[in-house]
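Report on the following structure.
Number of protein chains: 2
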Amino acid sequence: MALILDGKKYATEIEADLSLRVKTLVNKGHAPALATILVGDDPASHTYVKMKGSACTRVGLVSRGIHLPAETTTEELLQTIDELNADPAVRGIMLQHPAPKHIDERRCFDRISLEKDVDGLTCHGFGRMAMGESAFGAATPAGIMALLSHYEIPLAGKDAVVIGRSPILGKPLAMMLLAQNATVTICHSKTEGLAEKVAAADIVVGAVGIPRFIQADWISSGAVVIDAGYHPAEKCGDIDLEGCRERVSAYTPVPGGVGPMTIMTLMRQAVESAERFWA
Amino acid sequence: MALILDGKKYATEIEADLSLRVKTLVNKGHAPALATILVGDDPASHTYVKMKGSACTRVGLVSRGIHLPAETTTEELLQTIDELNADPAVRGIMLQHPAPKHIDERRCFDRISLEKDVDGLTCHGFGRMAMGESAFGAATPAGIMALLSHYEIPLAGKDAVVIGRSPILGKPLAMMLLAQNATVTICHSKTEGLAEKVAAADIVVGAVGIPRFIQADWISSGAVVIDAGYHPAEKCGDIDLEGCRERVSAYTPVPGGVGPMTIMTLMRQAVESAERFWA
Chain A
-6 MALILDGKKY
4 ATEIEADLSL
14 RVKTLVNKGH
24 APALATILVG
34 DDPASHTYVK
44 MKGSACTRVG
54 LVSRGIHLPA
64 ETTTEELLQT
74 IDELNADPAV
84 RGIMLQHPAP
94 KHIDERRCFD
104 RISLEKDVDG
114 LTCHGFGRMA
124 MGESAFGAAT
134 PAGIMALLSH
144 YEIPLAGKDA
154 VVIGRSPILG
164 KPLAMMLLAQ
174 NATVTICHSK
184 TEGLAEKVAA
194 ADIVVGAVGI
204 PRFIQADWIS
214 SGAVVIDAGY
224 HPAEKCGDID
234 LEGCRERVSA
244 YTPVPGGVGP
254 MTIMTLMRQA
264 VESAERFWA
Chain B
-6 MALILDGKKY
4 ATEIEADLSL
14 RVKTLVNKGH
24 APALATILVG
34 DDPASHTYVK
44 MKGSACTRVG
54 LVSRGIHLPA
64 ETTTEELLQT
74 IDELNADPAV
84 RGIMLQHPAP
94 KHIDERRCFD
104 RISLEKDVDG
114 LTCHGFGRMA
124 MGESAFGAAT
134 PAGIMALLSH
144 YEIPLAGKDA
154 VVIGRSPILG
164 KPLAMMLLAQ
174 NATVTICHSK
184 TEGLAEKVAA
194 ADIVVGAVGI
204 PRFIQADWIS
214 SGAVVIDAGY
224 HPAEKCGDID
234 LEGCRERVSA
244 YTPVPGGVGP
254 MTIMTLMRQA
264 VESAERFWA
């Protein structure tokens, strides 16, 4: 029987711990806020921001939801970020990806000050994390690492194949797995012989954003399967889990695996930022 | 017959080009300087700094050699870097690794301003480079990439195995190869089945710093072999080239492969920094 890496359950446990820690801060007279910035009206982004706002409320963080119109310019968004950087009550800033196309999203992400980059999406934060320096990791890969650690999945000396090389998932996850002494292969759209590479992996991570792109018969028996994709219409992730669920050693369910960990990691990093600031 | 990736020859060509470009800057009344900082009396470091100084002179850059005593503190070194950051004539700053152990080397590297980080060793610069943003890459891997490009070695879709994960070589090289659409596996001291992984690679990069660590019979016929190691006492690199030289498709000689490219990449990035500043 495969072990279910139950992100939903573990996120609930983290939530309880964070609530206590926020209470301690509040009792000292602080009101730590997480600012979420949503630009435009993308329905999925709307949902994600709403979920993050609810999570804030549950752990006791002040949710500072900033909703800007779709026609917001890069300069206006940068100014909003500058104001939040300067606001001592705001201990974390999350800019919801994707911003409308006319916005220089990279410039905006990188404007978030390192200490408030609790979503871990600045280039500077990535570089520090990759080099083993103190920094918040990107929330999704950091959540995956927390889940692997919670279930005591061995990583050192294991062959991990990460399929996808996005700035918010594939690249940072590769660096995090490497830091835990996994041997990491980063695959992507130009990779040849993907099926064989997946077959050789002890740990397979789907991070491509294409429904059931990674086929069940590619995955070897006994592998650990992490699915960072979620496709609501198809009700599945990036990996065709059905065909291999019984013979893998552990897997993240979709939904209820990586998703809840992402949100709770954002919360955890916001709480850590607040604790550090008011230490 | 294997193609020799002649770094020495290509570096000489780059040098000629850089000399002309520096002349153009000088004719406009500028005197671009590269500052090299050496702390202590490590003989190898001494040699490297001297070689970089000579290269400056050859391309026409002002070589600002700063030699600090071994007992220099982190704070003193940071102050030196601050002064060089503020000096408009200095267009590049190179801190020779390794600094004496009592110095917080990471903090000192990261103090170098992004525009003068021509050796590409700041966390911030690494993060930007990894994310495809404008930044100077670390000199050794950037030199390797330039050499591969010069000899038109195909990278897209190829399987590259990088053995070593140092901040100045393995990690940045992995990101650079990935940007060129190679499928990249990062191996290290905890990797299991290294021989098999090397055997499966189209491109093998030795970046471990151990003489002939990578054995000739691990390397498959037709592979491209890049050796970033140089061990003067043993007169060899990280790869036992002798046993596979005839059957690989291309290789970097040791010496005369990666080494000259590292120094010339430092020069090239310093010239680019100067050109940008006075554009």
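Residue numbers (the numbering used here), protein chains in the order written: chain A, -6 to 272; chain B, -6 to 272. Don't be surprised by glycine CBs; every beta carbon is placed ideally from N, CA and C.
(request) At 9 Å on the CB atoms, spell out the chain B contacts of A:His123, in chain order. (result) According to the sequence displayed, residue 123 of chain A carries Ala and not His. Going along chain B in sequence order, the residues near A:Ala123 (Cβ under 9 Å) are Cys116, Phe119, Gly120, Ala123, Pro160, Lys164, Met168.
Report yes if the C-beta distance between B:Val218 and B:Ile156 is below 7 Å; otherwise report no.
-> no
Spatial distance of A:Gly150 from A:Ala188 (CA atoms): 21 Å
Three-state secondary structure assigned by DSSP to B:Ala131: coil
(request) With B:Val218 as the anchor, note down where its beta strand (DSSP E) starts and where it stops. (result) 217 to 220
Could you please give the first and the last residue of the uninterrupted beta strand (DSSP E) stretch that includes A:Gly199? 196 to 199
- Query: Are the C-beta of B:Ala279 and some C-beta of chain A separated by less than 7 Å?
  - Reply: This structure cannot speak to residue 279 of chain B, because chain B is shown only from -6 to 272.
- Item | Three-state secondary structure (DSSP) of B:Val177 | strand
How long is the line joining the alpha carbons of A:Asn78 and B:Glu68, rounded to whole angstroms?
28 Å
| Which value, in whole angstroms, describes the spacing of the CA atoms of B:Asp152 and B:Trp211? | 15 Å
- Query: By DSSP, does A:Thr5 sit in helix, in strand, or in coil?
  - Reply: helix
**Item:** Rounded C-alpha distance that separates B:Leu11 from A:Ala92
**Value:** 41 Å
**Item:** Residue closest to A:Ala26, alpha-carbon to alpha-carbon, out of A:Lys2, A:Ser38, A:Val52
**Value:** A:Val52
Chain A residues whose Cβ lies nearer than 7 Å to that of B:Asn78: Per Cβ cutoff of 7 Å: no residues; B:Asn78 is ~17 Å from chain A at best.
If I measure Cβ to Cβ from A:Pro62 and keep anything under 8 Å in the same chain, skipping five residues before and after, which residues do I get?
Val32, Gly33
With which residues is A:Arg57 paired in a DSSP beta bridge? A:Ala28
Neighbourhood of A:Ile179 by C-beta, 6 Å cutoff - its chain only, sequence neighbours within 5 removed = Val155, Arg158, Ala167
Requested in this report: Answer yes or no: do B:Gly252 and B:Tyr223 have a C-beta to C-beta separation smaller than 7 Å?
Outcome: yes
message = In the DSSP output, what is A:Tyr244 paired with across the bridge?
response = A:Ile(-3), A:Val218
To which residues of the same chain is B:Thr50 closer than 7 Å at the C-beta, ignoring the five residues directly before and after it? Ser56
Check: Quick one: what's got a C-beta closer than 7 Å to A:Asp80's C-beta in the same chain, skipping five residues either side?
Finding: none
CB contact below 7 Å: A:Glu189 versus chain B: no
Notebook entry, point to check: Three or more C-beta pairs closer than 8 Å, one from the stretch 118 to 126 of chain A and one from the stretch 235 to 247 of chain A: is that the case here?
Noted result: no
### Message
Can you look up A:Val155 in the DSSP assignment and give me helix, strand or coil?
### Response
strand
Check: Applying the criterion that 16 or more other CB atoms from any shown protein chain within 10 Å of the CB defines a buried residue, is B:Met87 buried or exposed?
Finding: buried
request  = Report yes or no: is there a C-beta of chain B within less than 7 Å of the C-beta of A:Val177?
outcome  = yes
Helix, strand or coil: how does DSSP classify A:Leu88 here?
strand
Does the beta carbon of B:Lys183 come closer than 7 Å to any beta carbon on chain A? yes
Comparing alpha-carbon positions, which option in A:Asp220, A:Asn174, A:Ala28 lies nearest B:Pro184? Reading the sequence as shown, one finds Thr at residue 184 of chain B and not Pro. Taking only the C-alpha atoms, the option nearest B:Thr184 is A:Asn174.
According to DSSP, residues forming a beta bridge with B:Ile96
According to DSSP, which records beta bridges pairwise, B:Ile96 is partnered with nothing at all.
TODO: Work out the CA separation of B:Leu170 and A:Lys43 for me, nearest whole Å.
DONE: 38 Å
Per DSSP, what are the beta-bridge partners of A:His39 in this structure?
None; A:His39 has no bridge partner.
Going by DSSP, what residue range makes up the alpha helix (DSSP H) through B:Thr115? First-last for B:Thr115: undefined, no H or E at that position.
**Item:** Cβ-based neighbour list, B:Ala192, same chain, cut-off 8 Å, excluding 5 preceding and 5 following
**Value:** Trp211, Ile212, Ser213
Task: Per-residue burial, B:His181 [other beta carbons within 10 Å of its own, 16 or more giving buried] - done: buried
Task: Check whether B:Ile105 and B:Ile59 have beta carbons under 7 Å apart - done: no
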